[in-house]
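Novice: Encoded as structure tokens, here's the structure I'll be asking about.
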Amino acid sequence: MKTNQLLVLALLIIVMQHALGQETIESKVHKRMRKSPDSVFDLREIPEKWRNESAVIIATRVEYEYKKQLLANKFNCDFYLRKRILLNDKAAVEHFSEFSFSQLGARTFNRDGVFLNVKIIKPDGTEHFVNTSEAVRMSQQSGAYRSRTKASYSKLAITNLEVGDIIDFYYVIIRTLVPAKELGGSWLEFDPVIMNLTEEYPILNGSLSFLLDQKTYINLSAVNGVSEPVHSRKEDKDLYTIKYSDLEKSFGKEWSFPLRQEPAVRFKVVYNTTTGGIQSRNFLGIPGRVKTKVQQSEYLKLMNNNYVSAGIKPPAYSQAVKYVKRNQLENNIDFLPKELFYFLRHYLYFNSFKYYGMYVPNYYAIDDYEFIKVFSQLLTRYKIDHELILGMNKSLGSIEQAVFPNEITPGIKIGENGNTAYIFMPGLHTCYGEIPLFLTNSRIIKKADYASNNSHIAFDSIISKDAKNNSETRNITVTFKTDSVQQVVIEENIVLEGQSKNTINNFLIMDSDFLSQEFNSMSQKFKMSKTDFQSFTTQLSNVNVKDDFIKRKENYQEYLKTVNSFTEVKLDTVFIINTGRYSINNLFEYGSSYQTPDLVSIAGDYIIVEAGKLLGRHIEIEERNRQRTLDIYLDYPKTYTWNIDIKIPEGYTAENTDHMNISLENQTGIFSGKASVEEEYIRLNVEKIYKTDFLPISLWPDLLMMLDEANRYTEQKIVLVKK
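As numbered in the working numbering, residues 88 to 810 make up the sequence shown, in order.
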């Protein structure tokens, strides 16, 4: 009996300690965020120039802390955010009347937790705190079908907000991580953080800081007017702070690369107590010191460590060698790189490895660097000249500004009969020679003098195909239903080439469209293992054409709502004609048929056909965004073509269609339309071309002119008259 009483007492003490621990965490966070002196969070006035802004951020403070726990192999990774915002109009009041966030409170039996605190300050100075316990748990929905998942979030309504109020809140995430063991040491590699300092509203005062423990490394890029971080000491640790003020709101313009044009910071943190392993993948500098520039020798080292043939070859390499030997490809040098690419694509997505009793596709274990390393080793084995390259998503900046390898894309450049082919880590449907979208027309680093011991890096550029080679052609036929001339059937045949096909093929192509072709093509060229053969045949047997049709139809229905100007669409069918998976010159082609009552209206003896709607939605620049100060970045040069046949219903004739004829061309692009009446059809041929992916601000008026003309055209109508 006494033992049971002692046990109960011990349990009570544990529960009380846990409760006190939770309270301590919350109170500690609150004390830090509300009671620590920071004069900018006492301000209530804003500059006169921002009186007409919807809201003004009086102060914002973001703090990242990376600290190893004393006498424990645990690492604290904490995030602190506080903002103070003046609401100047009803739009701002509505915007801040609701908060969404993760589940709040301390987590069970550890220091972790998520904490939110919201304070409202009225114009007369009175203050009140919002009760965050009134937040409502919401279920997360995701995917093309809006399917429910177990994930959830909380939503908090902020009531009684008024124009002139100040909302002052903090949001804190406390995390504890366990470093991995590596070569007798420990390491943690955090995901990169990429952030614009500009926001939707202007900022009066802002700061961003990083507290770093010993053996913690940080690589950081501050661009477009952001000052270098200032070093100080706090809690016997290194603290780096970036302060900024009087920052105008984000331009929020279409076709902008904010990280290239607005104040921005990119950084990555690594905790590392060993000199091996991850060193070559992270450009590590000095622990506790911010590293803001990567030396050319480090780019070369990255290539040498991750590309050059050395040591035991990985399974992908040996399997590829067997594939080449089996198909007697050794002497077919011109054809070999392409064959290797499609073999390795197949190896990634249709071969597997065993992990804890489960078979996992190989792409889970092979990253971009490993893929390029294997490909380079194979090209070297078969004496095929190539260059190793490093590129960076051009929306982030130029390759010279890269500060950590996560933002770098490795690749290979091969000369082929006077042409150039680029190799990158493939996706499931990537073709040989395809260039990732945001690497086109960008600078790259290449390894020069590859065969020499004096290798060094040089700079080059990836040149994009022109607008004609990145195209989308829509062949459209419109027919009136016999039982109702107000209801039409629209049949489309869509052909996409170059970069354009990658905008849609990934969510339209289903297993039933390509698995059989993949199996028949690749199984004949190399000997599958028994396990992979069984896995592949199982995949084939599990393909459900009916289910795939339903999935594709649901996906395309959502797509039609996005790209079309119709409010009501009934999709009858959508089908793949050509997947375009086996050659960069292959076209991706599909067809669809749908009905809509939104294209025509009846007025007595007249049928009014809103023919311009068949072009779908075009970019429309709102009046407030027509004044622009930034250069223009588009994703790639492209051509859109519409060939439209509208069948004239029996008993009607078409009125004059001259208003559908137009031709406009300037330095930014082309918009043209030609209309004719031929026998029983009205024929429209429309073309829209973006000539380049970059335009200086001086050409903004020309681009506006083309966009406005395209939008005017979508409003044009054709009248059919009863005979």
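All C-beta atoms in this analysis are idealised placements derived from N, C-alpha and C, irrespective of residue type, glycine included. Model, not experiment: these values are computed from the prediction.
Among Gly-372, Leu-465, Asp-455, which residue has its Cα nearest to the Cα of Leu-416?
Specialist: Stepping through the sequence shown from its first residue, residue 416 is reached at position 329. Nearest option by C-alpha distance: Leu-465.
Novice: Can you tell me the Cα-Cα spacing of Val-687 and Asp-795, whole angstroms?
Specialist: Within the sequence shown, residue 687 is the residue found at index 600, counting from 1. Within the sequence shown, residue 795 is the residue found at index 708, counting from 1. Rounded to whole angstroms, Val-687 to Asp-795 spans 24 Å at the Cα level.
Novice: For the 8 Å Cβ check, are there 3 or more pairs between the stretch 584-595 and the stretch 752-768?
Specialist: No, the stretch 584-595 is not in contact with the stretch 752-768.
Novice: For Ile-245 and Glu-774, I'd like the C-alpha separation in whole angstroms.
Specialist: Taking the first residue of the sequence shown as 1, we reach residue 245 at position 158. Taking the first residue of the sequence shown as 1, we reach residue 774 at position 687. The alpha-carbon atoms of Ile-245 and Glu-774 are separated by roughly 49 Å.
Novice: Could you tell me if Lys-809 is buried or exposed, where buried requires 16 or more neighbouring beta carbons within 10 angstroms of its beta carbon?
Specialist: Locating residue 809 in the sequence shown gives position 722, counting from the first residue. It counts as exposed.
Novice: So for Trp-137, helix, strand or coil by DSSP?
Specialist: Looking up residue 137 in the sequence shown gives position 50. In this structure, Trp-137 counts as helix in the three-state DSSP scheme.
Novice: Pull the bridge partners of Asn-730 from the DSSP assignment, please.
Specialist: Locating residue 730 in the sequence shown gives position 643, where the first residue counts as 1. DSSP lists Asn-562, Asn-772 as partners of Asn-730.
Novice: Which residues share a DSSP beta bridge with Phe-723?
Specialist: Mapped onto the sequence shown, residue 723 falls at position 636. According to the sequence provided, residue 723 is Tyr. The question's Phe does not apply to it. Paired residues: none, contrary to the question.
Novice: Taking DSSP as the reference, what is the three-state secondary structure of Gln-573?
Specialist: Along the sequence shown, one-based indexing puts residue 573 at 486. Strand, per DSSP.
Novice: Go ahead and pull the three-state DSSP assignment for Thr-361.
Specialist: Translated into positions along the sequence shown, residue 361 becomes position 274. Correct three-state label for Thr-361: coil.
Novice: Quick check on DSSP: helix, strand or coil for Asn-204?
Specialist: By one-based count along the sequence shown, residue 204 stands at place 117. Asn-204 falls in the strand class under three-state DSSP.
Novice: Among Asn-139, Phe-758, Glu-752, which residue has its Cα nearest to the Cα of His-705?
Specialist: What you label residue 705 is simply residue 618 of the sequence shown in a count that begins at 1. For His-705, the nearest C-alpha among the options comes from Phe-758.
Novice: Leaving out five residues on either side along the sequence, give the residues of the same chain with a beta carbon under 6 Å from the beta carbon of Ser-319.
Specialist: The count along the sequence shown starts at 1 and reaches residue 319 at position 232. For Ser-319, where only same-chain residues beyond five positions count, the Cβ hits under 6 Å are Leu-326.
Novice: Does the stretch 555-566 come close enough to the stretch 580-588 that 3 or more CB-CB pairs lie under 8 Å?
Specialist: yes
Novice: Could you give the distance in angstroms between the alpha-carbon of Leu-431 and the alpha-carbon of Ala-407?
Specialist: On the sequence shown, position 344 is the one that residue 431 refers to. On the sequence shown, position 320 is the one that residue 407 refers to. So the alpha carbons of these two residues sit roughly 7 Å apart.
Novice: Can you name the start and end residues of the alpha helix (DSSP H) that Ile-784 belongs to?
Specialist: If you number the sequence shown from 1, residue 784 lands on position 697. Element bounds for Ile-784: n/a, residue is neither H nor E.
Novice: Could you pull the DSSP bridge partners for Arg-347 from this structure?
Specialist: Along the sequence shown, read from residue 1 onward, the residue named residue 347 stands at position 260. Beta-bridge pairing links Arg-347 to no other residue.
Novice: Is Gly-444 buried or exposed, if buried means 16 or more other CB atoms sit within 10 Å of its CB?
Specialist: Translated into the one-based positions of the sequence shown, residue 444 becomes position 357. By the Cβ-count criterion, Gly-444 is exposed, with fewer than 16 other Cβ atoms from all chains shown falling within 10 Å of its own Cβ.
Novice: Rounded to the nearest angstrom, what separates Asp-252 and Leu-157 at their Cα positions?
Specialist: If you number the sequence shown from 1, residue 252 lands on position 165. If you number the sequence shown from 1, residue 157 lands on position 70. Straight-line Cα distance between these residues: approximately 43 Å.
Novice: Opposite Tyr-153 in the DSSP bridges: which residues?
Specialist: Counted from its first residue, the sequence shown places residue 153 at position 66. Beta-bridge pairing links Tyr-153 to Cys-164, Leu-299.
Novice: Name, in chain order, the residues that DSSP records as bridge partners for Val-806.
Specialist: Your numbering for residue 806 matches position 719 in the sequence shown. Paired residues: Ile-695.
Novice: What are the boundary residues of the beta strand (DSSP E) that includes Ile-637?
Specialist: Locating residue 637 in the sequence shown gives position 550, where the first residue counts as 1. Here Ile-637 belongs to no beta strand (DSSP E); instead the alpha helix (DSSP H) covers 632-650.
Novice: So what's Val-687 in DSSP terms, helix, strand or just coil?
Specialist: Mapped onto the sequence shown, residue 687 falls at position 600. Note: Val-687 maps to strand in three-state DSSP.
Novice: Considering only the beta carbon of each residue, do Asp-789 and Leu-721 sit closer than 8 Å?
Specialist: Start at 1 with the first residue of the sequence shown, and residue 789 comes out as number 702. Start at 1 with the first residue of the sequence shown, and residue 721 comes out as number 634. Not closer than 8 Å, so no.
Novice: Suppose you measure from the CA of Leu-524 to the CA of Asp-634; what does that come to, to the nearest Å?
Specialist: Walking along the sequence shown from the start, residue 524 turns up at place 437. Walking along the sequence shown from the start, residue 634 turns up at place 547. When rounded, the distance between both Cα atoms is 31 Å.
Novice: Our contact map puts Thr-728 next to Phe-338 with C-beta atoms below 8 Å; I'd like the distance itself, whole angstroms only.
Specialist: For this step, residue 728 is matched to residue 641 along the sequence shown. For this step, residue 338 is matched to residue 251 along the sequence shown. In fact, because the Cβ distance is near 32 Å, the residues do not count as touching under 8 Å.
Novice: Would a C-beta distance cut-off of 8 Å place Ser-241 and Leu-191 closer than the cut-off?
Specialist: Along the sequence shown, read from residue 1 onward, the residue named residue 241 stands at position 154. Along the sequence shown, read from residue 1 onward, the residue named residue 191 stands at position 104. Yes, these two residues count as a Cβ contact at 8 Å.
Novice: Of the residues Gly-505, Leu-791, Tyr-442, Leu-295, which one's Cα is nearest the Cα of Leu-710?
Specialist: To locate residue 710, count along the sequence shown from 1; it is residue 623. Position check: residue 710 holds Glu in this sequence, whereas Leu was assumed. The shortest Cα separation from Glu-710 among Gly-505, Leu-791, Tyr-442, Leu-295 belongs to Leu-791.
Novice: According to DSSP, is Asn-449 helix, strand or coil?
Specialist: Numbered from 1 along the sequence shown, position 362 holds the residue referred to as residue 449. Under the three-state reduction of DSSP output, Asn-449 falls in the helix class.
Novice: Using only alpha-carbon positions, find the residue among Val-461, Leu-243, Phe-546 that is nearest to Pro-401.
Specialist: Counting from one through the sequence shown, the residue named residue 401 turns up at place 314. The candidate whose alpha carbon is nearest that of Pro-401 is Val-461.
Novice: For the stretch 380-452, list the beta strand (DSSP E) runs that are entirely contained and at least 3 residues long, ordered along the chain.
Specialist: Entirely contained in the stretch 380-452, the beta strand (DSSP E) runs reaching 3 residues are, in chain order, 439-442, 445-448.
Novice: Which class does Ile-112 belong to by DSSP, given the choice of helix, strand or coil?
Specialist: Within the sequence shown, the letter at position 25 stands for residue 112. Helix.
Novice: Mind checking whether Met-390 and Leu-475 have CB atoms under 8 Å apart?
Specialist: The residue you call residue 390 lines up with position 303 of the sequence shown. The residue you call residue 475 lines up with position 388 of the sequence shown. Contact flag set, yes.
Novice: So, Ile-260 versus Asp-125, is the Cβ gap smaller than 8 Å?
Specialist: Start at 1 with the first residue of the sequence shown, and residue 260 comes out as number 173. Start at 1 with the first residue of the sequence shown, and residue 125 comes out as number 38. Not in contact: Ile-260 and Asp-125 (Cβ atoms no closer than 8 Å).
Novice: Whose CA, out of Val-280, Ser-189, Lys-209, Ile-207, lies closest to the CA of Arg-224?
Specialist: Within the sequence shown, residue 224 is the residue found at index 137, counting from 1. Closest by alpha carbon: Ser-189.
Novice: What is the DSSP secondary structure of His-182, counted as helix, strand or coil?
Specialist: The sequence position of residue 182 within the sequence shown is 95, counting from 1. Helix, per DSSP.
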